[in-house]
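The listed protein sequences correspond, in order, to chains A and B.
Using this note's numbering, read the first sequence as starting at 1 and increasing by one per residue.
Using this note's numbering, read the second sequence as starting at 1001 and increasing by one per residue.
Working notes for the structure below.
2 protein chains.
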Amino acid sequence: MAGRRKVSNPLALAVMGLLQEKPMHPYEMSATLRERQMDGVFKLSTGTLYDTVESLARNGWIEPRSTVRDGNRPQRTVYAHTEHGHGQFLDWLDEIVRVPAPEYPRFLSAVTYLGALGPERAEEALTERGDRLQEQITRMRAGLEEVMETHALPRLFMIEMEYALHMSAAELEWARSAAREIRTGTLAWPAQAPVAGGEDGS
Amino acid sequence: MAGRRKVSNPLALAVMGLLQEKPMHPYEMSATLRERQMDGVFKLSTGTLYDTVESLARNGWIEPRSTVRDGNRPQRTVYAHTEHGHGQFLDWLDEIVRVPAPEYPRFLSAVTYLGALGPERAEEALTERGDRLQEQITRMRAGLEEVMETHALPRLFMIEMEYALHMSAAELEWARSAAREIRTGTLAWPAQAPVAGGEDGS
DNA sequence: CGCGTTATAGTCGGAGCCGACTAATCGGAT
DNA sequence: ATCCGATTAGTCGGCTCCGACTATAACGCG
């Protein structure tokens, strides 16, 4: 097993993915990602993008192809992936898929201290989350269908949407069920511990 | 609605949670979190912990209570939450639960470029993920039952485990189903695009 | 009673990340 | 002709995060 990966920011994955299509300069990457609404998948901020590109270049995954000057605009450096970079891209992809990495979603941390909210507030909050998730899912589903129809894309091209929808649905299910259990009392609120802690007195 | 939150690292939530129980010094927090296996929920590293505590103090959520010197060991600063901090803690908790925030799980980014792996490699990788997830779920379930039985805790105290299990199960389901769809051909691999984006060979 | 080992407690510098800012150009309205 | 705002393209400083390192005290052992 290797000592931690040189390149680790997921945005680098997006950059590599784009460069498989054709050489680009950073600004074009940014614009393309936004156009394709991939900024819901990769957290995109301009500063980070330029840093990421630089880091990829340092590590030999990509290299400056040309420095074009269009009219009198500031010159843009166009990058292309290297052969080495292409291999790394596939290996990294492969590893991310194969090995589930620990992630730390905010909601999980909040659930850990759900007790602190007390039953009423917790139930309310979970219900609201449920409603918001429902809306979100509806929007995603509509967006997905629209894209599929207008562009007649094969399913594989939107597969990440299917995954996102599946996971959102699972979360919705859990939130609703937890809210219901609080209402009906199936999920009891132990009196002596408003904050999770379970200290034994011994 | 407020301009972005001052304190934003989830580890701060853990710190606040612990301080609801009793005043502590950072090292004790770290030890306690590890003992309770909460380091699976909050990403814990010593450096970050000290930074986080300092930031909480700067923002008035907590304050140094005493500077104890035990024997001749380096003196430890014990912190307690302030009233303001307690309120912020609850509000933050409440907001995290109510409002689903966009998260960027690594697997989602990888799925976006699943096409690049080609059908065989993708199918294999998804299958392996499935197996690993299955193991992980078994381990979590066993751990959960053990804790519940030996400590006789109310369900609420391990509710985050139930959530984690639910989500892992959903992911497992998806991975298995996607792998199956690739095998059976239900999820087709468009020939002209090994990488999402439609590279033409011309 | 010296001596390596583990537990205790924390520091520090560098890398990563982000948002706010800069600056030039182009297209249309005035 | 010119002014305004949007688009194009990128820089920069500060804050956050992290892991590697330091240093002392208690503990067991031959």
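We put the CB at the ideal spot given by N, CA and C, even for glycine.
Ranked by Cα distance from VAL78 (chain A), the first of A:HIS84, A:ARG98, A:TYR50, A:GLY87 is A:TYR50. When rounded, the separation of the alpha-carbon atoms in TRP189 (chain A) and LEU1018 (chain B) is 19 Å. Annotation for ALA1122 (chain B): LEU1114, ILE1182 place their beta carbon closer than 7 Å to its own, counting only its chain and skipping 5 residues before and after. The alpha-carbon separation between THR1184 (chain B) and GLU1124 (chain B) amounts to approximately 13 Å. Remark: C-beta atoms of ARG1141 (chain B) and LEU1172 (chain B) do not approach each other more closely than 8 Å. Interface residue (Cβ-Cβ distance to chain B less than 8 Å): ILE96 (chain A) is classified as such.
Here VAL53 (chain A) carries a helix assignment [DSSP, helix/strand/coil]. Within 10 angstroms of the beta-carbon of PRO10 (chain A) lie 16 or more other beta-carbons, which makes it buried. In this structure, the beta-carbon distance from TRP61 (chain A) to THR48 (chain A) does not fall below 8 Å.
Taking C-beta separations shorter than 8 Å and ignoring five residues to either side along the sequence, the partners of ALA1012 (chain B) in its chain run THR1052, SER1055, LEU1056, TRP1061, following chain order.
In the DSSP annotation of this structure, VAL1099 (chain B) is not part of any alpha helix (DSSP H), being labelled neither H nor E. The C-beta separation of LEU187 (chain A) from ALA175 (chain A) comes to about 13 Å, leaving the pair out of contact by the 8 Å criterion. Of the residues A:VAL99, A:GLU145, A:HIS86, A:PRO119, the one whose Cα lies closest to the Cα of ALA1116 (chain B) is A:HIS86. Close to chain B, meaning a Cβ-Cβ distance shorter than 8 Å, are the following residues of the segment 130-142 of chain A: ARG132, LEU133, GLN136. In this chain, the beta strand (DSSP E) harbouring VAL1078 (chain B) covers 1076-1081. Here LEU1144 (chain B) is actually not in contact with MET1167 (chain B); their C-beta atoms are around 14 Å apart, not less than 8 Å.
Only residues of its own chain outside the window of five on either side were considered, and among them MET1016 have a CB closer than 6 Å to the CB of PHE1089 (chain B), listed in chain order. Here SER1109 (chain B) carries a helix assignment [DSSP, helix/strand/coil].
For the segment 1032-1044 of chain B, residues whose beta-carbon sits nearer than 8 Å to a beta-carbon of chain A comprise MET1038, GLY1040, VAL1041, PHE1042, LYS1043.
Contact annotation for HIS166 (chain A) against chain B: ALA1170, GLU1171, GLU1173, TRP1174, SER1177 [CB-CB distance below 9 Å, chain order]. Put simply, the CB of ALA116 (chain A) is near chain B, with a gap under 8 Å to one of its CB atoms.
The Cβ-Cβ distance between ALA80 (chain A) and ARG58 (chain A) does not fall below 8 Å. In summary, GLN1020 (chain B) is buried, with 16 or more beta-carbon neighbours lying within 10 Å of its beta-carbon over all protein chains present. One thing to note: VAL111 (chain A) has its Cβ no nearer than 8 Å to the Cβ of TYR1104 (chain B). Separation of THR46 (chain A) and ARG1106 (chain B) (C-alpha to C-alpha, rounded to the nearest whole angstrom) is 20 Å. The alpha carbon of LYS1043 (chain B) has as its nearest neighbour, out of A:MET29, A:PRO102, A:GLU95, A:LEU133, the alpha carbon of A:PRO102.
Here the alpha carbon of GLN1075 (chain B) sits roughly 22 Å from the alpha carbon of ARG1034 (chain B).
THR67 (chain A) is bridged by DSSP to A:THR77.
Take the alpha-carbon of SER1109 (chain B) and the one of SER1030 (chain B): they are about 32 Å apart. The alpha-carbon of ASP94 (chain A) is positioned some 11 Å away from that of GLY1118 (chain B).
With a contact defined as Cβ atoms closer than 8 Å, VAL97 (chain A) and ARG1132 (chain B) miss out at about 10 Å.
Leaving aside the five residues that flank ALA1014 (chain B) on each side, the residues in its chain whose CB is nearer than 7 Å to its CB run, in chain order, LEU1033, MET1038, PHE1042. At a Cβ-Cβ threshold of 8 Å, ALA170 (chain A) and ILE137 (chain A) do not count as neighbours. Inter-residue distance for LEU156 (chain A) and ASP91 (chain A) is about 20 Å (C-alpha atoms, whole angstroms).
For MET24 (chain A), there is no enclosing alpha helix (DSSP H), as DSSP marks it with neither H nor E.
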